Amino acid sequence: MINMTKNERKCVRYLTHELSTAARAVFEIELTLDYELKTTYENYKLVWDTYPASLKEYPGQEEIQLKSKAVLSNKNQKRKVINSLTIGLAAITLIFIAYGYFSPSNELSYTNQVTTNKGQRQTVYLPDSSLVVLNALSEIKYNSDFKNQRRVYVKGEAYFDVTHNEKIPFIVHTEDLNITVLGTAFNVSTVFDNKSVSLERGKVNVLIKASKNSLNLLPKEELIYNTKTSDVTKRNFNITKALAWKENMLILDNLIFKRALYKINNFYGVSFKITDEKINQKKITGAFKEQNIDEFINSIEFIADVKIKKVNHNEYLITQNHED
Numbered sequence: 001m002i003n004m005t006k007n008e009r010k011c012v013r014y015l016t017h018e019l020s021t022a023a024r025a026v027f028e029i030e031l032t033l034d035y036e037l038k039t040t041y042e043n044y045k046l047v048w049d050t051y052p053a054s055l056k057e058y059p060g061q062e063e064i065q066l067k068s069k070a071v072l073s074n075k076n077q078k079r080k081v082i083n084s085l086t087i088g089l090a091a092i093t094l095i096f097i098a099y100g101y102f103s104p105s106n107e108l109s110y111t112n113q114v115t116t117n118k119g120q121r122q123t124v125y126l127p128d129s130s131l132v133v134l135n136a137l138s139e140i141k142y143n144s145d146f147k148n149q150r151r152v153y154v155k156g157e158a159y160f161d162v163t164h165n166e167k168i169p170f171i172v173h174t175e176d177l178n179i180t181v182l183g184t185a186f187n188v189s190t191v192f193d194n195k196s197v198s199l200e201r202g203k204v205n206v207l208i209k210a211s212k213n214s215l216n217l218l219p220k221e222e223l224i225y226n227t228k229t230s231d232v233t234k235r236n237f238n239i240t241k242a243l244a245w246k247e248n249m250l251i252l253d254n255l256i257f258k259r260a261l262y263k264i265n266n267f268y269g270v271s272f273k274i275t276d277e278k279i280n281q282k283k284i285t286g287a288f289k290e291q292n293i294d295e296f297i298n299s300i301e302f303i304a305d306v307k308i309k310k311v312n313h314n315e316y317l318i319t320q321n322h323e324d
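So that you can map any letter, position 258 of the sequence shown is 258 in my numbering, and since no number is skipped, the others follow by simple counting.
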């Protein structure tokens, strides 16, 4: 029986890819914060990198055990790298784990679901007292019990203010990204092709599922991932603009009308339509805080020099303003 510390076990499971993608992201954050863990990991990685590839990949369980014994008999050859006994134990343990001696984590499931409609924003308090604000046409799924793990699934756009808990990291899953945090505040958007994570405070790790690459974000940094091109951009951002929707403010920052309509329709819960392509390509800039729909229409008609006609209860048509 091999006795291993908690840190050693983590390192071994990480190196053999036994950890889930979310758990790997947590481990990578811990490496930046825990010097002892980092030292242990570097030692085990040295073992794994220098160990024969044929033994790592060998499929037969009985042969694996025989080769593992051979590792112990060749300890003297490893002394130049690290203590021979540690290497022997590490190599055996790494191989055992690589061949499934530890069961994989169960598939995620959720017991609670909250969704929002057009024109609706909703605040949700999670079991650990973390706060979530959902934007329009968004969804969050989570479990009622956060004692052992804190995981949620988000679609659309949401702002998180996460309760700090070093022992149980908070993980946000989206279709394309996993965001791992200890305690922080950030915005997640899965709208359109550009998926984004914008960090207000704290520190997060963002894992891109398709490429398995991960990046750390610091306050006032955001990650943009384009699902069509696979391009990843890390940049500084304007917190006020990014989180304006949370304060019931609609900001249109030099957007063409065609692109702005999605934000406008979701924000007000109505349907503005444009049939003139020239209007679609017009750019619009403005900040609209707590304006009702009539006030907003008056503002848009003035800013964009257009005419807006009500078609029925929730539908409006935007046309050229032909007045001189």
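Ideal Cβ positions, reconstructed from N, Cα and C, are used throughout, including at glycine.
The structure presented is a predicted model; accordingly, all values stated were derived computationally and were not measured.
Worksheet item: Measuring CB to CB, does A23 end up less than 8 Å from L207?
Response: no
Worksheet entry | Nearest-angstrom Cβ-Cβ length linking T111 and E139, presumed shorter than 8 Å | Wrong, their Cβ atoms sit about 14 Å apart, outside the cutoff.
Discussion item. Looking at the secondary structure, which residues open and close the beta strand (DSSP E) in which T240 lies?
Written reply: T240 -> not in any beta strand (DSSP E); alpha helix (DSSP H) instead, spanning I239 to A242.
Worksheet entry | As assigned by DSSP and simplified to three states, the class of L218 | coil
Practice prompt. Quick one: grab the DSSP three-state call for V191.
Written response: coil
Worksheet item: Assuming S198 and T163 make a contact with CB atoms under 8 Å, what is their CB distance in whole Å?
Response: Rounded, the Cβ-Cβ distance is 19 Å, inconsistent with contact.
Worksheet item: What does a CB cutoff of less than 8 Å around L137 pick up in its chain, not counting 5 residues either side in sequence?
Response: T116, N117, K118, G156 and N266
Discussion item. Under 8 Å, with one C-beta from each stretch per pair, do the segment 249-266 and the segment 226-233 reach the 3-pair mark?
Written reply: no
Discussion item. By the three-class DSSP mapping on this structure, what secondary structure does A158 have?
Written reply: strand
Discussion item. If you follow the beta strand (DSSP E) that T115 is in, where does it begin and where does it stop?
Written reply: N112 to T115
Item to complete: Could you name the residues of the same chain whose beta carbon sits closer than 7 Å to that of I279, not counting the 5 residues immediately before and after it, in chain order?
Response: F257, V306, I318 and Q320
Worksheet item: Per DSSP, L177 forms a beta bridge with which residues?
Response: I208
Fill in: Neighbour-count burial assignment, F186, 16 or more Cβ in a 10 Å radius
buried
Practice prompt. Measure the Cβ-Cβ separation of L19 and E30 and say whether it is below 8 Å.
Written response: no
Fill in: Pick from Y225, E315 and D145 that is closest to V188, judged by C-alpha positions
Y225
Discussion item. Using 8 Å for Cβ pairs, my map puts A158 next to V132. What's the rounded Cβ distance?
Written reply: 6 Å
Worksheet item: Out of curiosity, what's the CA-to-CA distance linking G88 and N7?
Response: In this prediction, G88 has a pLDDT of 46, which is less than 50 and means its spatial position is unreliable; what the coordinates show is noted afterwards. Between G88 and N7, the C-alpha separation is close to 17 Å.
Worksheet item: To the nearest angstrom, how far is it from the Cα of T352 to the Cα of L126?
Response: Given that the chain is displayed from residue 1 to residue 324, the structure contains no residue 352 and the question cannot be resolved.
Practice prompt. Go ahead and pull the three-state DSSP assignment for L134.
Written response: strand
Worksheet item: Any idea what DSSP makes of N280, helix, strand or coil?
Response: helix
Worksheet entry | Rounded C-alpha distance that separates K309 from N205 | 47 Å
Item to complete: Would you mind reading off the limits of the alpha helix (DSSP H) that contains E301?
Response: I293 to A304
Worksheet entry | Terminal residues of the alpha helix (DSSP H) in which T229 lies | T229 -> no alpha helix (DSSP H), and no H or E assigned at all.
Worksheet item: If you draw a straight line from the C-alpha of K5 to the C-alpha of T40, how long is it?
Response: A small fix is needed here, since residue 5 is Thr in this sequence, not Lys. Each residue's Cα considered, the two are about 10 Å apart.
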